[in-house]
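With the working numbering applied, the sequence shown corresponds to residues 1 to 106, in that order. These notes concern the structure reproduced below.
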Amino acid sequence: ELTGLPTTARSLNKIGIRMEKGKLQDAEYTGPVLEEVLRTNMTTRRVPNEGVYKGMPVVVSPIRNEDGEVICTIGVVDIVGAIDISCTFSEYPGIIAEVEAAKKRN
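Encoded structure:
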């Protein structure tokens, strides 16, 4: 229960797990984004169009060995990605302007 968020993991050689609310939900789990990150070795943020988390934003990252090769992946449901920031802050245009200015600086 590291984050309190739905969490998934899968190794390169073994099928993975899915946990929610600190409890194991599936001991033979994999998902499309876990598989994608195993192939690409790159952190991915997206909304899958299939699987248990279909329609929910997720973030999945590779865990690498000392040579930089992916050995497993870990993913969480991205609650920040689920928030429509512009809608949330539409009453506060100054905040949106600050965020846009910060984006331009980076």
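Yeah, the Cβ is synthetic: ideal placement off N, Cα and C, and Gly gets one too.
Helix, strand or coil for K103? Go by DSSP, reduced to three states.
helix
Smallest Cα separation from I109: which of G51, T43, G55 and G94?
Coverage of the chain is limited to positions 1 through 106, which leaves residue 109 absent and any answer about it impossible.
Mapping DSSP to helix, strand and coil, what is T40?
Reduced to three states, the DSSP call for T40 is helix.
Any Cβ of chain B within less than 8 Å of the Cβ of Y29?
Annotation note: the requested chain B is absent from the structure, which comprises a single protein chain.
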